[in-house]
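For reference, the structure discussed in these notes is given below.
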Ligand SMILES: Cc1cc2nc3c(=O)[nH]c(=O)nc-3n(C[C@H](O)[C@H](O)[C@H](O)COP(=O)(O)O)c2cc1C
């Protein structure tokens with residue numbers, strides 16, 4: 575791919591939160607395969623590929639994720655995510671639950687990425703990087719097929735592990751589908767007030783040409 579085409583792809587990509595549901599606008603099997611295959615394409619440090627994907631197939635489970643797991647408390651510092659259904663209910667009753675903030679988990683394709691280990695201490699630091707490479711490759715692949723995507727890292731890993739009986743340590747969710755333009759997505763500034771994209775050469779790569 576040439577540079578301009580890649581830039582065009584970036585211009586159209588955003589972290590979408592609201593997707594058409596699967597009955598409305600399903601993903602083609604062939605596209606799902608391509609998106610998932612994209613996780614196998616990037617390199618992995620020492621060829622470990624410690625991350626594994628768990629696909630959430632069931633609509634009920636997606637709804638449960640949306641209602642109870644992928645949410646947080648608006649009144650506590652750092653917006654912690656609930657550790658259990660009881661905790662989520664307590665927050666809900668007291669009006670402390672942050673509403674349904676992650677509708678992307680209702681997308682047609684939802685994958686929970688986890689590390690194939692018993693303890694967090696066993697995960698290599700580079701494992702997180704390897705997973706990030708896979709996520710990004712899948713997101714660009716989806717975008718090139720006209721499919722939108724989203725991340726969700728907003729959940730308590732132990733609650734997620736328990737609910738789905740995941741044989742490892744969940745870390746992040748990636749979601750794919752067609753953006754529901756009618757209900758549209760909150761602009762970046764609304765989701766992250768006061769935050770801007772970094773300015774590359776002043777902010778991130780400080781010694782360029784010094
Ligand atoms: C690891 C990771 C976890 C994220 N978790 C969430 C999340 O739980 N909910 C959400 O709305 N966005 C989540 N995001 C999306 C970022 O907040 C988003 O990329 C940022 O708002 C910039 O958006 P844009 O690049 O799509 O414009 C996550 C992104 C990453 C990389």
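Numbering (our numbering), first residue to last: 575 to 784. The beta-carbon is built from N, C-alpha and C at its ideal position, and this holds for glycine as well.
Assign residue 620 to one of three DSSP states: helix, strand, or coil.
helix
When every heavy atom of ligand 1 is checked, does at least one fall within less than 7 Å of the C-beta of residue 591?
yes
Which two residues bound the contiguous alpha helix (DSSP H) that contains residue 548?
The question about residue 548 has no answer here: the residues shown for the chain are numbered 575 through 784.
Is the CB-CB distance between residue 689 and residue 628 below 8 Å?
no
Is it buried or exposed for residue 671, if we count other Cβ within 10 angstroms and need 16 for buried?
buried
Given this structure, state the Cα-to-Cα distance separating residue 707 from residue 616, to the nearest angstrom.
6 Å
C-alpha gap between residue 647 and residue 726, whole angstroms
16 Å
Cβ pair residue 729, residue 644 closer than 8 Å:
yes
Please report how far the alpha carbon of residue 618 lies from the alpha carbon of residue 668, in whole angstroms.
45 Å
In the DSSP assignment, find the unbroken beta strand (DSSP E) run with residue 629 in it and report its ends.
625-629
Which same chain residues, not among the five before or five after residue 716, have their C-beta less than 6 Å away from its C-beta?
609, 723 and 750
Is the distance from the Cβ of residue 677 to the Cβ of residue 640 below 8 Å?
yes
Does DSSP classify residue 720 as helix, strand or coil?
coil
Below 7 Å, is the gap between the Cβ of residue 664 and the nearest heavy atom of ligand 1?
no
Check this for me: beta carbons of residue 712 and residue 612, under 8 Å apart or not?
yes
Taking the alpha-carbon positions, what's the residue 633 to residue 780 distance?
47 Å
For the putative contact between residue 625 and residue 701, defined by C-beta atoms under 8 Å, what is the C-beta separation to the nearest angstrom?
7 Å
For the alpha helix (DSSP H) containing residue 610, list its first residue and its last residue.
603-611
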